[in-house]
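Residue numbers (the numbering used here), protein chains in the order written: chain A, 1 to 319; chain B, 1 to 308.
Yeah, the Cβ is synthetic: ideal placement off N, Cα and C, and Gly gets one too.
Quick caveat: nothing in here was measured; it's all calculated off a predicted structure.
A short write-up of the structure that comes next.
Set out below in structure tokens:
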């Protein structure tokens, strides 16, 4: 390993100084490496940072009264908050038409993430610790959903859950009446979300569980802990970062999901993502899209920052 | 293997209570309960997709009731089959056009970004990298709608919705994959090889081109496969940034059809996407093995990605 790598676990400043030292007297002009980063950075500024500024300008801009198209205000000192307030009020004032989708989103995402965790933990635990025969096959099948279009996977379920689909055929065999699965049942949407995002839970969990040295578990048992105590006091605490990472990484996209509900649910199960999507697609509501996206950014900011910080710490410890 | 493949959800549910407690009491016995859960999960995860693929060969109009085998929805039907339906066929080409252009832009940009960030240490590099990771975890709808608002307001004179906007959006969304993969590889290579090359008289550019780039080959290859496959499957970004109907790729057509009255031609379209991504991944995997000569890392790559 390089001398710079060896210094990596030390605090940030000292590591940088060490890196600079190992590079002193070497042949690179100052601008050499930054010039590699520049194109990508420029791209991100142009198509990642600037769009957010446009979102703010739309949300805090005005509306053309005739066609109700957004009139963004790019000078931030002229921003006014009336357009944004009109959208925000729909969450807490008057008919509160946006409140129900928001609450539903929180409930569905919470339920789906927990189901992902329970099933995902069992599968990841078995694969990491217990699977002997067929482990390679299990791993390939666990990764496979990443290469299958999300839409196709949900479409597949939409077909199975049709009134004349195989699921109703199957429950007909045990004598149950056919169920209208797609008529706006929360359980269908929640299980759809689980189905869609659970692979993102299993792989990080597997990574963390796979890295726990088995000597630690043996030590726990040698010291007299029962198997369930070993699990509770060794395995579980050591996989806690994996659990948190998994919960965040499955719930973040769920907050913006609208297509699962579009294919498996109805108006009565619509989620926050549907609000945004409707606003973008129906003419005269585009200004609302800016405000709704802004609110979503605020909602997901905390878990996102936590996740980035945890990842950064993990990379520093790992290298 | 035989007892493993029969482990379906039903049998798992029936045997669950006893074996669950049994396993906690005696974890050194066979973990039947967890094995049933795992294989049950895998069956639940994969079977619906296989059934959807099978229904592309249905001879009737239904995508939920089997009416016999035919190639009707692939090419035989003169109007509604995947090959003869002009909209679906052009969507198929649009999908591949977008994915190819995205690979051509995102992989070089991301590779350079990763090299730069890795070698140019210090605070600006760390900030740039954090910025990049932000684009990796952000819910896609936020980026999609933001870019939609950018291209319909500030840039409405410069970029029209359609292929250009879609490629710009896809590259922004995919840029983090090559950065993460190449950077991971750079961390394990270290700077010694280039330093050795330069001790032997190479200029920095020569060291980069003739030493570092070949060493990064496997990582770049993995990035190409990943970005291509993920662009084929992309839906949210390309939908918001598509203009007229001919710029809608397959994923958007599948979504639109699924909400109306889809025929098995939609299953065929989805199957094309599936085969395309799996082929690219498989080819990349074979090449990857040949270049790097190492085994088993193919599973580490997506797993490592999911961890990030």
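Along the segment 69-118 of chain A, the alpha helix (DSSP H) occurs as fully enclosed runs of 4 or more residues at 82-92, listed in sequence order. As for any alpha helix (DSSP H) of minimum length 4 sitting wholly inside the segment 160-200 of chain A, the runs are 166-173, ordered along the chain. Per the DSSP secondary-structure output, residue 260 of chain A pairs with nothing in a beta bridge. Rounded to whole angstroms, residue 256 of chain B and residue 159 of chain A show a C-alpha spacing of 15 Å. Counting only residues of its own chain and dropping the five nearest sequence neighbours on each side, residue 172 of chain A has a CB closer than 8 Å to the CB of 178.
Between residue 164 of chain A and chain B, the shortest Cβ-Cβ separation is below 8 Å. Taking CB atoms only, residue 214 of chain B has no neighbour in chain A less than 8 Å away. The straight-line gap separating the alpha-carbon atoms of residue 201 of chain A and residue 273 of chain A is approximately 21 Å.
CA-to-CA, the gap between residue 182 of chain B and residue 219 of chain B works out to about 5 Å.
Looking at the backbone, the Cα of residue 287 of chain B and that of residue 81 of chain A are separated by about 55 Å. Shown here, residue 281 of chain A sits in a helix according to DSSP, grouped into three states.
As for any alpha helix (DSSP H) of minimum length 4 sitting wholly inside the segment 223-249 of chain A, the runs are 227-230, ordered along the chain. Per DSSP, the unbroken alpha helix (DSSP H) holding residue 33 of chain A starts and ends at 32-44.
Taking 8 Å as the cut-off, the beta carbon of residue 269 of chain A is found closer than this to the beta carbon of residue 186 of chain A. Distances from the CA of residue 235 of chain B to each of A:84, A:48, A:99 and A:152 were compared; the closest alpha carbon is that of A:152. Of all residues in the segment 128-150 of chain B, those with a C-beta nearer than 8 Å to a C-beta of chain A are 128, 130, 131, 132, 133, 134, 135, 137, 138, 139, 140, 141, 142, 143, 145, 146, 147, 148, 149 and 150, reading in chain order.
Around the CB of residue 229 of chain B, 16 or more other CB atoms lie within 10 Å, so the residue is classed as buried. Flagged as an interface residue toward chain B: residue 43 of chain A, by a C-beta distance shorter than 8 Å.
For residue 156 of chain A, the closest alpha carbon among the candidates B:52, B:118 and B:31 is that of B:52. Among the residues of chain A, those whose CB is under 8 Å from the CB of residue 116 of chain B are 33, 34, 35, 36, 37, 38 and 40, following chain order. Apart from sequence neighbours up to five positions away, the residues of its chain that approach residue 251 of chain A with a beta-carbon distance below 6 Å are 109 and 113, ordered along the chain.
In the three-state reduction of the DSSP assignment, residue 235 of chain B falls in the coil class. Inter-segment contact for the segment 240-249 of chain B and the segment 57-72 of chain B is absent: fewer than three beta-carbon pairs are separated by less than 8 Å. In the three-state reduction of the DSSP assignment, residue 57 of chain B falls in the coil class. The C-beta separation of residue 279 of chain B from residue 80 of chain B comes to about 26 Å, leaving the pair out of contact by the 8 Å criterion.
In this structure residue 260 of chain A is buried. Its beta-carbon is surrounded by 16 or more other beta-carbon atoms within 10 angstroms. Straight-line spacing of the CA atoms in residue 94 of chain B and residue 104 of chain B works out to 15 Å. For residue 63 of chain A, the secondary structure class from DSSP, reduced to helix, strand or coil, is strand.
Non-local C-beta neighbours of residue 128 of chain A in its own chain, meaning closer than 7 Å and more than five positions away in sequence, comprise 206, 209 and 210, ordered along the chain.
One alpha carbon belongs to residue 161 of chain B, the other to residue 237 of chain B, and they sit about 12 Å apart. Selection A:167, A:184, A:182 and A:29 evaluated against residue 176 of chain A yields A:167 as nearest (Cα-Cα).
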